[in-house]
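Trainee: In the working numbering, the protein residues as written are 67 to 343.
For every residue, glycine included, the Cβ atom is placed at its ideal position computed from N, Cα and C.
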C-alpha cells in the first residue's frame, strides 16, 4: 500500500479545492500543542482519500473570552479573514475552514513553513530607512539606545496592509508574516479582527497616508459589491461574524475607496501590537 500523497504548503494555492476538502473532511490527528499560542492551538496532520497535510487546529473550546471581542469566536473570525482574503484574489491567508475536530468545532488551517532567512523586518541605525524599506517607528534596544524599526517596501506586505485595514486587524505582528520559498507571503493569526470599533494595530504602517495603488482600489471596489446585502462575500461571512461586523467591514471598504489612501494611526490607542514580534 502506497503512502499518502503529501501536500507541502509550497505547492498549494489558496484556491485549491482539493486542499479545502482535505482540511474540511479529512481525519484530524493531533501531534502536539503550539505552546507559545495564547489560546489552544494544536499541530495536526489531516488525511483524506490518500492525501495528507499538516495543519493547525484551534478549537473554540480552547478560546479565552475577550472583553473587547464579546461576539462570535476567534475561530469564526479566522475563517472570515480567509474568506475576505480569497475575495481579494491575493491569497494572503492560508486555506482555512471551520469544522468539527477531536475537541469540538474549531478552525483548521493549512500549516505554512516559512522560508529561512527571509527578511521583512529589521532594526537599523539612523532616522531614515534605506531604499527598499519603510519606517515603522523607533524602538528601545536596551541600555538607553533606540533604533529605527523598518519593514520591507514589498508589494506583498502592501497588499496585506490593505487586507488588515479591511478586516480591522488588531494584532498584525512580525511573527504572523510567513514568506515562503516560492515567493508567496501568508499572514496568520486573525482571531482579533472585524470589530465594529476601529482597532487597527499593525507593524505595516510604512505606507500610512500614501495613495492606494490602482490594483488595491480595483480590489476594494469588488469587495464593496460583494459585501452588499445578499452579495457573495456577505453571504459567506454571515455564519462566521455578526451582521454589524459585516456592515462595519463594508463601511471600512467604502472609507478606503473615499480617501483612496492607506489609513494612518489615530492616536486614540496603541497603533503597534505588543510585543511587536
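What does DSSP give as the partner residues of residue 326 in its beta bridges?
Mentor: Here the question's residue 326 lines up with position 260 in the chain shown. DSSP, once it has assigned bridges, lists no residue as partnering residue 326.
Trainee: Quick one, are the C-beta atoms of residue 267 and residue 339 less than 7 Å apart?
Mentor: Taking the chain shown and counting its residues from 1, one reaches residue 267 at position 201. Taking the chain shown and counting its residues from 1, one reaches residue 339 at position 273. Taking 7 Å as the Cβ cut-off, residue 267 and residue 339 qualify as a contacting pair.
Trainee: Tell me where the beta strand (DSSP E) around residue 117 begins and ends.
Mentor: In the chain shown, the residue the question calls residue 117 occupies position 51. Start and end: 117 to 125.
Trainee: Can you tell me which of the three DSSP states residue 291 falls into?
Mentor: For the purposes of this step, residue 291 is taken as the residue at position 225 of the chain shown. Helix.
Trainee: Quick check on residue 278: does DSSP put it in helix, strand or coil?
Mentor: For the purposes of this step, residue 278 is identified with residue 212 of the chain shown, where counting begins at 1. In the structure shown, residue 278 sits in coil (DSSP, three-state: anything other than H, G, I, E or B).
Trainee: In angstroms with no decimal places, state the Cα-to-Cα distance between residue 119 and residue 221.
Mentor: What you label residue 119 is simply residue 53 of the chain shown in a count that begins at 1. What you label residue 221 is simply residue 155 of the chain shown in a count that begins at 1. Those two C-alpha atoms are separated by around 29 Å.
Trainee: Where does residue 97 fall in DSSP's three states?
Mentor: Residue mapping note: residue 97 aligns to position 31 of the chain shown, counting from 1. Correct three-state label for residue 97: strand.
Trainee: Decide if residue 259 is buried, meaning its Cβ has at least 16 other Cβ atoms within 10 Å, or exposed.
Mentor: Position 193 of the chain shown holds residue 259. Per the 10 Å Cβ criterion, buried.
Trainee: Could you please give the first and the last residue of the uninterrupted alpha helix (DSSP H) stretch that includes residue 148?
Mentor: As a working note, residue 148 is residue 82 in the chain shown. Its alpha helix (DSSP H) spans residues 140 to 154.
Trainee: Would the stretch 231 to 239 count as touching the stretch 262 to 276 if we require 3 or more Cβ pairs under 8 Å?
Mentor: Verdict: yes, contact present.
Trainee: Taking a contact to mean a Cβ-Cβ separation below 7 Å, would you say residue 123 touches residue 167 in this structure?
Mentor: In the chain shown, the residue the question calls residue 123 occupies position 57. In the chain shown, the residue the question calls residue 167 occupies position 101. Yes. Within cutoff.
Trainee: According to the Cβ coordinates, are residue 303 and residue 153 closer than 7 Å?
Mentor: Residue numbering aside, residue 303 sits at position 237 when the chain shown is read from its first letter. Residue numbering aside, residue 153 sits at position 87 when the chain shown is read from its first letter. No; because the gap between Cβ atoms is not below 7 Å, this pair is not in contact.
Trainee: So within the stretch 223 to 279, which uninterrupted alpha helix (DSSP H) runs reach at least 4 residues, ignoring any that extend past its ends?
Mentor: Within the stretch 223 to 279, no complete alpha helix (DSSP H) run reaches 4 residues.
Trainee: Are the stretch 136 to 150 and the stretch 306 to 317 touching, with three or more C-beta to C-beta distances below 8 Å?
Mentor: A contact exists between the stretch 136 to 150 and the stretch 306 to 317.
Trainee: From the DSSP output, in three-state form, read off residue 304 for me.
Mentor: The residue given as residue 304 occupies position 238 in the chain shown. Three-state result, residue 304: coil.
Trainee: Where does residue 67 sit, in a helix, a strand or coil, going by DSSP?
Mentor: As a first step, residue 67 must be located in the chain shown, where it is residue number 1. Since pLDDT at residue 67 reaches only 45, below the 50 mark, its modelled position is unreliable, and the value read off the structure follows with that caveat. DSSP places residue 67 in coil when its eight states are reduced to three.
Trainee: Looking at the secondary structure, which residues open and close the alpha helix (DSSP H) in which residue 85 lies?
Mentor: Here the question's residue 85 lines up with position 19 in the chain shown. Counting along the chain, the alpha helix (DSSP H) containing residue 85 begins and ends at 83 to 91.
Trainee: What residues match up with residue 172 in a beta bridge as DSSP calls it?
Mentor: One-based indexing of the chain shown puts residue 172 at position 106. Partner(s): 125, 165.
Trainee: Whose C-beta lies closer than 7 Å to the C-beta of residue 275 among residues of the same chain, with five residues either side of it excluded?
Mentor: By 1-based counting over the chain shown, the position of residue 275 is 209. So the list reads 327, 328, 330, once near-sequence residues are dropped.
Trainee: Excluding the 5 residues flanking residue 174 on each side, which residues of the same chain have their C-beta closer than 6 Å to its C-beta?
Mentor: Within the chain shown, numbered from 1, the residue matching residue 174 stands at position 108. Excluding sequence neighbours, residue 174 sits near 89, 121, 123, 163, 165.
Trainee: With the cut-off set at 7 Å, would you say residue 131 and residue 106 are in Cβ contact?
Mentor: If you number the chain shown from 1, residue 131 lands on position 65. If you number the chain shown from 1, residue 106 lands on position 40. Taking 7 Å as the Cβ cut-off, residue 131 and residue 106 do not qualify as a contacting pair.
Trainee: Just to confirm before moving on: does the CB-CB distance between residue 245 and residue 181 stay below 7 Å?
Mentor: For the purposes of this step, residue 245 is identified with residue 179 of the chain shown, where counting begins at 1. For the purposes of this step, residue 181 is identified with residue 115 of the chain shown, where counting begins at 1. Taking 7 Å as the Cβ cut-off, residue 245 and residue 181 qualify as a contacting pair.
Trainee: Pair every Cβ in the stretch 209 to 218 with every Cβ in the stretch 279 to 288, then say whether three or more of these pairs are closer than 8 Å.
Mentor: Touching, no, given that fewer than three Cβ pairs across the two stretches are closer than 8 Å.
Trainee: Shortest alpha-carbon distance to residue 128 belongs to which of 135, 134, 139?
Mentor: Taking the first residue of the chain shown as position 1, residue 128 is located at position 62. Comparing Cα-Cα distances from residue 128 to each of 135, 134, 139, the minimum goes to 139.
Trainee: When you compare the CB positions of residue 202 and residue 150, do they come within less than 7 Å of one another, or not?
Mentor: The sequence position of residue 202 within the chain shown is 136, counting from 1. The sequence position of residue 150 within the chain shown is 84, counting from 1. No, they are not a contact pair.
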